[in-house]
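For the sequence shown, this note's numbering gives the first residue as 109, with consecutive numbering after it.
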Amino acid sequence: MKQFTVYTVYMDDNDDCYKVTVPAENAADAIQYLDGNGEVIAVKEAPLQNIDLECLAETLTRACWGQMEIDVITRTLEMCGLQRF
């Protein structure tokens, strides 16, 4: 299974600068995901690397998300290696 890292990508589109958070297999993939949206200034690993999936599921339940949607979201994050242990 693919393991993702969360990156912060800083971009300039000649009008404004943007900070975008992108989960990707590597920094090159994070840059490619944003291709065409401006010049990439910098790419750094984001401070967020692990997500508490139990807390996320509880939060989504309180927000009236369906169990099927919650299962897909949390399972996908787990499969990508972004689950907090």
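Where is the CB? At the ideal position from N, CA and C, for every residue including glycine.
Just so it is clear, the structure is predicted and the values come from calculations on it, not from any experiment.
- Of the candidates F193, D123, E153, L161, E153 places its Cα closest to the Cα of A132.
- If you check the CB distance, Y115 and V148 do not come in under 8 Å.
- Relative to the Cα of D137, the nearest Cα in the group C125, D160, K110 belongs to K110.
- Taking C-beta separations shorter than 7 Å and ignoring five residues to either side along the sequence, the partners of M187 in its chain run M109, following chain order.
- Boundaries of the beta strand (DSSP E) around C125: 125-132.
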